[in-house]
Structures are given as C-alpha cells and as structure tokens.
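This report refers to the structure that appears directly beneath it.
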Amino acid sequence: MPEPITYLEAIKQGMWEEMERDESVFILGEDVGVYGGAFRVTEGMLERFGEMRVIDTPISESLIVGAASGAALMGMKPIAEMQFIDFISCAFDQITNFAATCFYRCGEPLPIVIRGPAGGGTHGGPFHSKNVESIFFNTPGLKIVQPATVYDAKGLMKSAIRDPNPVIYLEHKLLYRRIKDTIPEDDFTVPIGEARIARGGRDISVITYGAMVWSALEAAEKLSKEDGIELEVVDLRSILPYDKDMILDSVKRTNRAIILHEATLTGGPGGEFASFIAENGFDYLDAPVVRVAAPDTPVPYSPPLENFFLPNAERLIKAVRKLAEY
Amino acid sequence: MGAKKAKTTQKGEVSVYALNPRLKKAFEATLEPPKGKKTYEISPTKEQKIEILRYMKLTRSIEDRIEQKLYRQGKIVGGVYVGRGQEAISVCTAMHMKKGDVASPTHRDMGIFLVRGVPPRRVIAQYMGRRNGLARGRDGNLHMGYMNIGLISPISHLGFNAPVISGVTLAMKQKGLKNVGFCMNGEGATSRGDWHEGINFCSIHKLPAIFIINNNQFSYSTPTSLSYNAEKLSDRAVGYGIPGETIDGNDVYQMFDSVGRAVKRARDGKGPTIIECITFRMTGHSAHDDAGYVPGKHFEDWKKKDPIERWVKTLKAEKLITDAILKKMDSEINEEIIAAADWGEAQALPEPEECLEDVYYNQESKWFALKEEIKEETDARANNLSRSD
Ligand SMILES: Cc1ncc(C[n+]2csc(CCOP(=O)(O)OP(=O)(O)O)c2C)c(N)n1
Ligand SMILES: [Mg+2]
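From first to last, the protein sequence lines stand for chains A and B.
Mapping the first sequence onto the working numbering, position 92 (from 1) lands on 243, and the numbers just tick up by one.
Mapping the second sequence onto the working numbering, position 274 (from 1) lands on 357, and the numbers just tick up by one.
Right, here's the structure in full:
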C-alpha cells in the first residue's frame with residue numbers, strides 16, 4: 152500500500168511523471184529552480200531535470216506565458232508557473248488573445264499549462280488570495296480546472312499537460328498541505344470536462360469546485376445529522392468547459408440546486424451555471440437556483456474581514472435551510 | 084504639462100522634424116548611399132540580388148493591388164495596412180531564413196510571407212475573408228501564419244511577439260537546433276512592456292533571436308518624439324548587454340548585411356541583436372488614413388529613398404539588370420497578381436456554421452487538409468528560390 156500524499160505532492164508527481172515520460176515537458180516560472188518555487192511545488196526538479204527544463208525567469212509574467220506559447224508552437228509542452236495566481240493578470244493579453252485563440256485563428260495546437268496557487272483563507276490579502284477563474288471564464292479556447300482532491304490534483308495535472316489546448320490549472324493553496332490521501336501508483340488521468348459526484352444525496356444539488364468542495368461536504372454531514380437533508384455534492388473539477396450533463400442529471404434527481412464558489416458573486420461562473428440550469432432544467436426545478444459566493448469586494452486581509460468574505464459550510468447550511476423550505 | 088510646442092510650417096502643418104530633430108539627422112545620414120565603395124561582411128549573391136528585387140516588387144504590387152484597387156472596390160474585408168516603402172526590411176530579413184527558422188512578422192511585413200513561399204493568391208483569398216485564405220476567414224490581412232514555413236500568425240496586440248519569440252528560440256536552444264527567430268516590430272510597439280520582457284529574457288539566455296525594428300517614424304499618427312526619448316532605439320541594446328545597430332532600412336545592402344551578421348551571431352550561440360531600420364511609411368497608417376499629420380515635404384523627401392528604385396539603380400550600375408529584364412519581371416509579376424486576385428475572388432466564403440469549429444483543438448479539423456494544400460504550394464515556391472534553404 153503506498154503512503155498517503157498531500158495535494159501539493161500530487162501536483163508535483165503529476166508534473167514529475169510527465170516530465171519523465173515526455174522530454175518536451177518543461178517548467179518555467181519565478182524561483183522554480185534552486186528554490187523549488189514559493190510553495191515548493193517544483194522542489195528537486197532542477198536537480199533531476201536540469202536547467203534547460205526547469206527555468207527560473209525574471210519577474211515577467213507576460214514573458215512566462217508568451218514564451219510558453221512560443222515554445223509550444225515549436226512542439227514543446229511547457230508548464231508556466233505563476234508564483235501566485237493573482238499575477239496572471241500581467242499575462243492577460245498573452246493568454247486571452249494569443250494562446251486561447253491560436254488553434255481557431257491559425258490551426259496550430261497550443262499545449263501549455265499555466266498553473267499557480269489560488270484562493271483565500273491564508274490572510275494573503277487582496278493580491279495573494281484571488282480566484283481568477285471568473286476573469287478567464289469568458290475566454291473561448293481556454294480550459295480551466297481546479298482539483299479538490301489529491302487524486303484529481305494528479306490526474307488533472309497529467310491531463311492538462313497532455314491537452315493540446317491552453318489550460319489554466321488552479322491550485323487551491325489552502326489544500327496544499329491540508330489534505331492527504333493514498334492514490335494508485337499507476338499512470339491514471341482525470342479527463343478535463345468531467346465532474347464527479349463527491350457525495351450522493353437526494354435533496355439538494357450543491358454544484359461547486361476547489362476548496363469549497365470540502366466546505367460542501369462538511370455542511371452535508373451536518374445537515375444530514377441535524378436536519379435529515381441529504382446534499383448531493385457535485386465537484387466540477389473542470390470549470391471550463393464544465394460538465395453540463397452531470398449538473399443536469401443531478402438536478403433532475405434533486406430538483407433543487409445551489410452553486411457554491413469562492414470567487415466573488417457578480418460575473419462569477421455561478422451565474423453561468425445557474426443560467427444553464429434555468430434554461431435546460433427548468434422543468435425539474437422545485438425552487439429557484441441559489442448562488443453562494445464571496446461578496447463583491449476585493450479579498451480583504453485582516454482575519455475577521457477575510458473570514459466574513461469567504462463562503463464556508465455555515466453559510467451554505469443557511470442557504471440550504473432556506474432553500475429546503477421554499 | 085511640458086509638452087513640446089511643435090513648430091508649424093507656413094501652411095500650418097506640424098513639422099515632424101520640429102517635433103523630433105533626431106529624425107532629421109537619421110534622414111540626412113541615410114539619404115546618400117555610403118560614399119566610396121563600401122564593402123559589407125555579408126552580401127547577397129547575384130541570384131539573391133535579383134530575387135530581392137523581384138520580391139520587393141512583388142510585395143509592392145500585391146499591396147498596391149489590395150490597397151488601391153481591391154479595397155476601393157469594396158472587395159477587401161476590413162482594414163488594409165501596407166508596408167509601402169519598407170519592402171527592403173521584410174524581404175531582406177526573410178532572405179536569411181532557413182528551414183526551421185521562425186519569424187513573427189508585423190502588419191508591414193508582406194515581404195516575409197511572400198519570400199517564405201505563401202502564394203499571392205492565398206494572400207488575396209485571406210484579405211477577402213475566404214475559407215481558402217490562410218486564416219480560413221477567422222482573421223484578416225496579414226494575420227495569418229503557418230509554422231511549417233516558420234511564420235507565426237500575428238495578433239493585433241503589438242509587442243505580443245517578443246515573449247512568443249523568446250519561447251520559440253528557447254525551444255530551439257532546448258532542442259539543440261541551429262535555428263533563429265525573428266521578432267519584427269514597428270518602433271511604436273517597442274514601447275510595450277512585452278517587448279522589454281521578451282528581449283530581456285532572450286539576452287539572459289543568449290537565445291538566437293533577432294529583434295528587428297522598422298522605424299517608420301510614426302505609430303499611427305504618433306511621431307517618434309512622443310514614443311520614446313532615446314537618440315536611437317538600438318541604444319537600448321546597451322541596457323540588455325547585447326549589440327544593436329541603427330541602419331538605413333531602405334538600403335538593401337545594409338539590410339542584408341546587418342540581418343546576416345545578427346543571424347550569424349545567433350546561430351553561433353552568441354545571443355540576440357537589435358537592429359533598428361530607419362525607414363518611412365509611404366502611406367497613411369491604413370487605407371482610411373490620409374496621413375494629414377505628415378508634412379507633404381516628408382513624403383517627397385522619402386520618395387527619393389524608395390528602396391526599390393534605389394535597388395534598381397544599384398543593380399543597373401552593377402550591370403545585373405537591364406530595362407528589358409525589368410520589363411519582363413514587371414509583367415510577370417503583374418500577371419501573377421492579376422491571376423491571384425481572380426483566384427482569390429473566386430474562392431468561397433466560409434460557411435456561417437464554421438464559426439463554431441476549432442475553438443479547441445480537433446483532430447478532424449478542416450485545418451489539416453488546408454495546411455496540406457498550402458504545404459505543397461509553399462514547398463514548390465521555396466524550391467524556386469536560391470534563398471538560404
Ligand atoms: C497593444 C496595441 N495597442 C494599440 C494598437 C492599435 N494600433 C495598431 S497599429 C498601431 C501603430 C503601430 O505603430 P508601430 O509599432 O510603429 O508600427 P507601424 O504601424 O508604424 O508599422 C496602433 C496604435 C494595437 N494594435 N496594439
Ligand atoms: Mg511605426
């Protein structure tokens with residue numbers, strides 16, 4: 152039986168194994184070499200793969216992504232690390248205009264992965280806590296994933312690297328060392344675009360992803376015990392494209408849906424999921440679709456403010472109880 | 084704010100020279116060909132000299148056709164930007180490209196596409212938004228590419244290509260290839276942060292990249308004095324610890340030599356070079372722009388430096404061409420362009436539903452069949468060239 156590993160270790164294993172099996176895979180980013188990355192996700196890789204495949208860059212996010220694209224056009228499969236995902240904004244043009252449109256515009260595949268730590272809960276303040284999926288969600292041609300589990304962290308990383316399209320791989324930094332699991336030793340992948348049922352339940356579908364999956368599971372246990380309400384937790388895993396079939400299938404069974412995400416409410420992916428359900432699952436619904444998300448503010452720094460900002464099990468429970476009465 | 088007060092001429096026009104005295108210097112320095120018999124480290128062969136002429140003429144002709152005929156007839160989809168007066172830059176650069184080399188051209192670099200073997204008829208189909216254009220109607224004008232001949236399809240966002248060429252040349256180094264990458268920009272685009280990020284990275288890693296700036300003295304209506312404050316853009320090379328030079332971009336010998344030396348350095352693993360090519364955009368920014376902000380005298384002055392006319396003079400002096408050869412060349416080009424325009428126009432527009440295809444990579448994509456077709460065409464054209472590959 153293999154030892155349990157962390158979410159962080161799973162991400163690293165995913166990259167490591169792909170680098171072992173495919174010489175065209177390489178990493179570039181800030182402090183990824185000798186230092187092993189701000190969160191140590193690439194620790195030991197420089198020693199193993201050498202400086203042509205683990206490349207420390209200057210503080211130049213646009214360069215990091217643009218160079219990844221250029222290398223991909225030459226047949227490489229680059230993994231671009233953003234030290235914190237917040238800094239991806241500096242590469243916005245390269246991602247949305249060059250990389251995401253590449254196959255559509257000129258028929259060249261663009262297999263790049265852009266990855267980095269996202270999310271709040273570590274008192275990182277407005278610039279080290281963001282959830283950037285909303286910003287890129289409106290970009291055709293991009294894929295966006297965020298694993299919630301150790302298994303998915305590894306399996307999605309492998310799929311992202313092998314995918315011929317640009318993929319933004321969001322790592323929830325709160326999960327890096329907080330969750331551990333044993334995973335198979337074989338070469339498994341998790342397909343992009345497929346959700347999973349994290350917990351089956353007959354009463355209300357909670358559609359979520361990332362660290363919020365754990366909040367939803369926590370809420371589900373409590374609601375099951377205290378209210379006899381059984382939540383079904385749908386872990387999307389892929390935010391773009393998202394698994395429409397599984398969402399609809401779940402809502403068909405539960406007839407009620409809550410969308411939960413850590414990204415801020417207005418313009419967040421939840422709006423899209425809710426519209427999708429309303430347009431395609433109206434007949435199955437017994438109640439309006441509800442969104443639980445962070446309020447429309449920057450991510451604040453001080454603990455009371457940040458705790459107020461972040462959605463959690465408690466807030467979800469409140470929303471569930473209200474919806475159950477509808 | 085202390086904006087410089089522009090001196091106005093009698094007609095009330097703003098003088099570019101008044102705004103930017105260093106351009107006057109650049110202009111004067113490049114008006115006369117170097118005195119005496121200047122020798123260059125790298126010169127085109129006799130065959131290449133004729134090819135350079137042919138491709139500069141082909142470039143001018145196809146752009147004239149597009150801008151002055153097809154566009155006015157309403158046959159072109161969207162805007163038209165041409166590189167009239169700048170042909171030496173794109174053609175001489177592309178003449179140095181070998182198989183496996185990559186260029187990221189600008190909207191003034193038609194010559195690169197043609198030299199690399201893109202057939203004029205495909206260019207016309209592209210400008211007309213046809214499904215057989217290089218972009219299948221998904222984008223227009225020079226926004227087309229084909230990695231098989233080393234051409235990156237540009238996006239509008241100027242400066243994007245410096246990071247992209249950094250990655251292209253990084254991959255060349257990782258793979259141990261002896262190839263080079265060309266990052267083409269206007270002087271205006273060099274104000275983008277991306278240009279800095281790319282060139283800085285290439286310098287650090289001694290990547291085989293060549294940063295070619297066509298300094299045509301304007302970015303849209305903005306004169307260089309409002310774009311940067313350096314004497315020469317090549318002076319920026321010092322800040323990156325690499326060589327840089329400013330040359331007459333309308334002089335084929337200088338262009339060919341300068342790019343050739345930079346290519347050699349790059350292939351030898353000595354890293355990037357900046358080449359600033361002084362030139363002038365002999366048109367408005369685009370076909371809808373009358374360039375009223377450029378004093379008339381400026382166009383007249385620069386007409387004397389037309390790269391094609393100068394090259395014709397040189398080749399005549401070298402007894403490499405005669406009027407008869409020129410006449411034949413012109414009529415061949417003219418015929419090809421007319422046939423290209425007809426072919427382009429005869430191509431089908433895309434089916435509306437094709438809008439939805441290829442957002443993501445797709446193995447059954449129509450791209451692959453089109454690329455096969457274009458590969459045959461570009462291979463055939465490349466085989467007729469005495470260019471390096
Ligand atoms: C980032 C960006 N901003 C604005 C534009 C609009 N634009 C298109 S061409 C142009 C002028 C470009 O000047 P320069 O780089 O000198 O190239 P030139 O057109 O003179 O060859 C501008 C402002 C653009 N394409 N990209
Ligand atoms: Mg310019």
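C-beta: ideal position from N, C-alpha, C; glycine also.
It should be emphasised that the depicted structure is a prediction, and the values quoted were computed from it without experimental measurement.
Alpha carbon of residue i to alpha carbon of residue j, nearest angstrom
i                      : j                      : result
residue 221 of chain A : residue 441 of chain B : 20 Å
residue 241 of chain A : residue 384 of chain B : 42 Å
residue 170 of chain B : residue 177 of chain B : 11 Å
residue 173 of chain B : residue 379 of chain B : 26 Å
residue 87 of chain B  : residue 460 of chain B : Note that residue 87 of chain B scores a pLDDT of 45, beneath 50, so its modelled location is shaky; the value from the coordinates is reported in the next line. Each residue's alpha carbon lies about 52 Å from the other.
residue 413 of chain A : residue 255 of chain B : 41 Å
residue 434 of chain B : residue 427 of chain A : 28 Å
residue 314 of chain B : residue 327 of chain B : 13 Å
residue 224 of chain B : residue 162 of chain B : 8 Å
residue 466 of chain A : residue 375 of chain A : 16 Å
residue 472 of chain A : residue 460 of chain A : 21 Å
residue 170 of chain A : residue 176 of chain A : 5 Å
residue 266 of chain B : residue 219 of chain A : 16 Å
residue 97 of chain A  : residue 156 of chain A : Absent from the structure is residue 97 of chain A, since the part of chain A shown begins at 152 and ends at 477.
residue 373 of chain A : residue 443 of chain A : 18 Å
residue 411 of chain A : residue 344 of chain B : 59 Å
residue 402 of chain B : residue 395 of chain B : 10 Å
residue 428 of chain B : residue 418 of chain A : 43 Å
residue 202 of chain A : residue 430 of chain A : 51 Å
residue 366 of chain B : residue 222 of chain B : 23 Å
residue 390 of chain A : residue 446 of chain B : 23 Å
residue 296 of chain A : residue 268 of chain A : 12 Å
residue 476 of chain A : residue 438 of chain A : 9 Å
residue 325 of chain A : residue 201 of chain B : 52 Å
residue 446 of chain A : residue 416 of chain A : 6 Å
residue 327 of chain A : residue 304 of chain B : 52 Å
residue 128 of chain B : residue 240 of chain B : 37 Å
residue 105 of chain A : residue 338 of chain A : Residue 105 of chain A cannot be examined here, being either before or after the span of chain A that is shown, 152 to 477.
Partner residues on chain A for residue i, Cβ-Cβ distance less than 7 Å
i                      : result
residue 448 of chain B : 258
residue 354 of chain B : The premise fails here: residue 354 of chain B is roughly 16 Å from chain A at the closest Cβ pair, so nothing lies under 7 Å.
residue 218 of chain B : 256 and 257
residue 454 of chain B : 258
Interface partners of residue i on chain A, CB under 8 Å
i                      : result
residue 302 of chain B : Those within 8 Å of residue 302 of chain B in chain A number zero; the least Cβ separation is about 18 Å.
residue 255 of chain B : 225
7 Å Cβ cut-off: residues of chain B touching residue i
i                      : result
residue 186 of chain A : The contacting residues do not exist; residue 186 of chain A stays about 17 Å from chain B at best.
Neighbour list for residue i in chain B, Cβ cutoff strictly below 8 Å
i                      : result
residue 320 of chain A : The contacting residues do not exist; residue 320 of chain A stays about 16 Å from chain B at best.
residue 316 of chain A : 443 and 444
residue 291 of chain A : 442
residue 177 of chain A : 257
residue 249 of chain A : 238, 240, 243 and 247
Under 9 Å by beta carbon: chain B residues contacting residue i
i                      : result
residue 254 of chain A : 441, 442, 443, 444, 445, 448 and 450
Relative to chain B, which residues along the region 258–275 of chain A have a C-beta separation below 7 Å, given in chain order?
Correct list: 258, 259 and 260.
What is the chain-ordered set of residues for which the beta carbon lies under 6 Å from any non-hydrogen atom of ligand 2?
Any residue whose Cβ sits closer than 6 Å to a heavy atom of ligand 2 makes the list: B/269, B/270, B/271, B/299, B/301 and B/302.
Along the region 422–441 of chain B, where does the CB come closer than 7 Å to a CB of chain A? Name the residues.
The residues in question are 441.
Below 8 Å between beta carbons is the criterion; list the residues of the region 221–232 of chain B that meet it against any residue of chain A, in chain order.
When C-beta distances to chain A are compared with 8 Å, the residues of the region 221–232 of chain B below that value are 221, 222, 226, 227, 228, 229 and 230, in chain order.
For the region 220–247 of chain A, list every residue whose C-beta sits within 9 Å of some C-beta in chain B, in sequence order.
Of all residues in the region 220–247 of chain A, 220, 221, 222, 223, 224, 225, 226, 227, 229, 241, 242, 244 and 245 have a Cβ within less than 9 Å of some Cβ in chain B.
Start-end ranges of the beta strand (DSSP E) lying completely within the region 289–363 of chain A, minimum 3 residues:
The region 289–363 of chain A is shown to contain whole beta strand (DSSP E) runs of 3 or more residues at 294–296, 318–323, 347–350 and 355–359, in chain order.
Could you list the residues in the region 268–283 of chain B with a C-beta less than 8 Å from some C-beta on chain A, going in chain order?
Cβ contacts with chain A: 276, 277, 280, 281 and 283.
Using a beta-carbon distance cut-off of less than 7 Å, what residues from the region 195–214 of chain A approach chain B?
Answer set for the region 195–214 of chain A: 203, 208, 209, 211, 213 and 214.
To test your reading of the DSSP string, which unbroken beta strand (DSSP E) runs of 3 or more residues are found completely within the region 193–228 of chain A?
List check, beta strand (DSSP E) in window: 205–207.
Scan the region 407–468 of chain A and note each continuous alpha helix (DSSP H) run of 4 residues or more that stays entirely inside, going in chain order.
Those alpha helix (DSSP H) runs which fall completely within the region 407–468 of chain A and span 4+ residues are 420–432 and 454–460.
For the region 364–388 of chain B, which residues have a beta carbon sitting closer than 7 Å to at least one beta carbon of chain A?
Close to chain A, meaning a Cβ-Cβ distance shorter than 7 Å, is no residue of the region 364–388 of chain B at all.
Listed in chain order, which residues of the region 413–425 of chain A have Cβ atoms closer than 7 Å to some Cβ of chain B?
Listed by position along the chain: nothing, the set is empty.
Threshold first: 4 residues or longer. Then list the alpha helix (DSSP H) segments lying entirely within the region 157–193 of chain A, N to C.
Segments of the alpha helix (DSSP H) lying fully in the region 157–193 of chain A: 158–172.
Counting only runs of 3+ residues fully inside the region 288–328 of chain B, write out the beta strand (DSSP E) ranges in chain order.
Entirely contained in the region 288–328 of chain B, the beta strand (DSSP E) runs reaching 3 residues are, in chain order, 292–298.
Which of the residues in the region 233–250 of chain B, read from start to end, lie with their CB under 7 Å from any CB of chain A?
For the region 233–250 of chain B, which is checked against every Cβ of chain A, the residues closer than 7 Å are 235, 236, 238, 240, 243, 246, 247, 248, 249 and 250.
Taking the runs of the beta strand (DSSP E) that are 3 residues or longer, which of them lie wholly in the region 414–457 of chain B?
Along the region 414–457 of chain B, the beta strand (DSSP E) does not occur as any fully enclosed run of 3 or more residues.
Complete alpha helix (DSSP H) runs within the region 354–393 of chain B (minimum length 4 residues, chain order):
As far as the region 354–393 of chain B is concerned, its whole alpha helix (DSSP H) runs of at least 4 residues are 379–386.
List in chain order: all unbroken alpha helix (DSSP H) runs of 4+ residues lying wholly within the region 134–197 of chain B.
Contiguous alpha helix (DSSP H) elements confined to the region 134–197 of chain B occur at 170–178, taking only those with 4 or more residues.
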